[in-house]
Amino acid sequence: MFLNLSPLVRDPLFRAFDDLLGDADTLLRAPRAAATELSRVNGYRTDDAYVLVLEVPGLAKDQLDVKVEDDALHLTGTANIATPEGARTIHRELPDQLRLERRFTFASDADLAHSSAELKDGLLTLHVPRTTPTVRHITVATP
Amino acid sequence: MATALTTTEDTTATQGRTTNPDLRTAPMPLDLFERDDALLVIASLPGVHSEDLDIRLEGDRLTVTADRHEPIPAGTDDAVATPLFRELGSVRWTRAVRLRTPVDADAINAKLENGMLQLTMPKAPEARPRAIEVNVG
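Set out below in C-alpha cells:
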C-alpha cells in the first residue's frame with residue numbers, strides 16, 4: 000500500500016518537507032487486513048530536529064532495522080503474533096505476522112548521520128538533528 | 000466444545016470511566032485464546048501507559064479500556080514543534096468480552112510490553128479439566 004502524505008502539508012513555509020512526506024511508503028503485509036492500521040506515524044519539526052513517531056506494536060528492538068540510505072531513513076520490521084504455547088485459538092483479529100517497511104526522505108538540513116531511534120511502549124521515535132544552513136554571501140561584481 | 004469467550008462490540012463498555020471529549024473512541028482489536036488452566040487475551044495498544052489502562056471484571060463481563068494520548072515527543076510541545084503530519088491522535092480503545100468460563104478474578108494478571116497487552120485469567124477451579132483416577136478392581 001502506498002501512502003502519500005504530501006497533501007497534508009500545505010503551508011509553503013514547510014514546502015521543503017514535501018520531499019520528506021512524498022516518499023512515505025508503507026508496505027504492511029499480513030494475513031489479516033487490519034494490519035495496515037498499525038503503522039501510523041506522526042511527524043514534527045522543532046528548531047533543532049525532525050521527530051517521527053511510528054506505531055510498531057509487538058515489535059521488539061531486535062525485530063526493527065533502521066538504516067540510512069543516501070538521503071533517506073529506511074525502516075523495516077517483522078514480528079509474529081504467535082498463539083501462546085499450549086493455547087487454543089478462540090478468536091483472532093490481530094495479524095499473524097506484522098511486516099513493516101517505511102521510507103522517509105528529508106530536506107537538506109537533516110543530519111541523518113547523527114539520527115537516533117528509541118523504542119518504548121510500542122512506539123518508535125526517530126530523532127533526526129537539523130543542521131544550521133551555511134549562508135555564503137556572493138559579491139555582485141559590476142563591470 | 001462450547002466457545003469459552005464471546006466478544007461484543009459494546010457501546011456501554013466505557014461505563015465507569017470519565018468521559019473525555021478529546022479522546023476518539025475506537026474498538027480494541029484483540030485475540031482470544033484458551034488453555035486448560037486459563038483464558039488469554041492479547042490486544043494491540045501502542046503508546047498506552049499502564050496508568051491509562053482500566054481492566055474490570057463484573058460478573059462474567061470483562062471490560063478493557065485503554066487511553067492513548069497523542070504521542071508528542073518530550074520537548075516538542077506546540078510552542079516549539081511544528082506538526083508536519085498527524086496520524087496518531089488521542090484515542091480511547093475499548094472492548095467488552097463476555098466470559099463463558101468462570102475465572103479467578105483475584106488471580107488475573109496483565110502484562111503490557113512493546114505496546115501489546117497480555118491478559119492471563121486463570122480459570123476457576125471448577126472450570127478446569129479434572130483427571131479422574133480409574134481404580135481397577
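Chains as they are written, first to last, in numbering that gives the first Met the number 0: chain R, 0 to 142; chain Z, 0 to 136. Positions of the beta carbon are idealized from the N, C-alpha and C atoms, including for glycine. Please read these numbers as outputs of a predicted model, since none were measured by experiment.
| Check | Outcome |
| --- | --- |
| Rounded straight-line distance, which links the Cα of Thr75(R) to that of Glu54(R) | 12 Å |
| Option nearest Arg94(Z) by Cα separation, candidates Ala130(Z), Asp105(Z), Leu52(Z) | Leu52(Z) |
| The region 104-112 of chain Z / the region 69-85 of chain R touching (three or more Cβ pairs under 8 Å) | no |
| Close Cβ partners of His48(Z) (< 7 Å) along its chain, the five nearest in sequence each way excluded | none |
| Helix, strand or coil at His68(Z) [DSSP, three-state] | coil |
| Lys60(R) burial status per 10 Å Cβ neighbour count (16 or more: buried) | exposed |
| Where His90(R) falls: helix, strand or coil (DSSP) | strand |
| Status (buried if at least 16 other CB within 10 Å, exposed otherwise) for Gly136(Z) | exposed |
| C-beta contact flag for Gly88(Z) and Arg23(Z) at 8 Å | yes |
| Test: His137(Z) CB closer than 8 Å to a CB of chain R | Absent from the structure is residue 137(Z), since the part of chain Z shown begins at 0 and ends at 136. |
| Coarse secondary structure for Leu39(Z), derived from DSSP in three states | strand |
| Cβ shell of Thr130(R) (< 7 Å), same chain only, five flanking positions each side left out | Asp108, Asp110 |
| Closer than 8 Å to chain R by CB, Thr81(Z) | yes |
| Run of the beta strand (DSSP E) containing Val102(Z), from where it starts to where it stops | No beta strand (DSSP E) contains Val102(Z), which DSSP labels as neither H nor E. |
| Neighbour-count burial assignment, Lys119(R), 16 or more Cβ in a 10 Å radius | exposed |
| Short-range partners of chain Z found in the region 118-133 of chain R, where Cβ spacing is below 7 Å | Asp120, Gly121, Leu122, Thr124 |
| Length of the line joining the Cα atoms of Leu124(R) and Gly46(Z) | The question names Leu, but residue 124(R) in the sequence shown is Thr. Approximately 11 Å, taken between the alpha carbons. |
| Members of the region 46-58 of chain Z that neighbour chain B once the beta carbon cut-off is set at 8 Å | No chain B is part of this structure, whose protein chains are labelled R and Z. |
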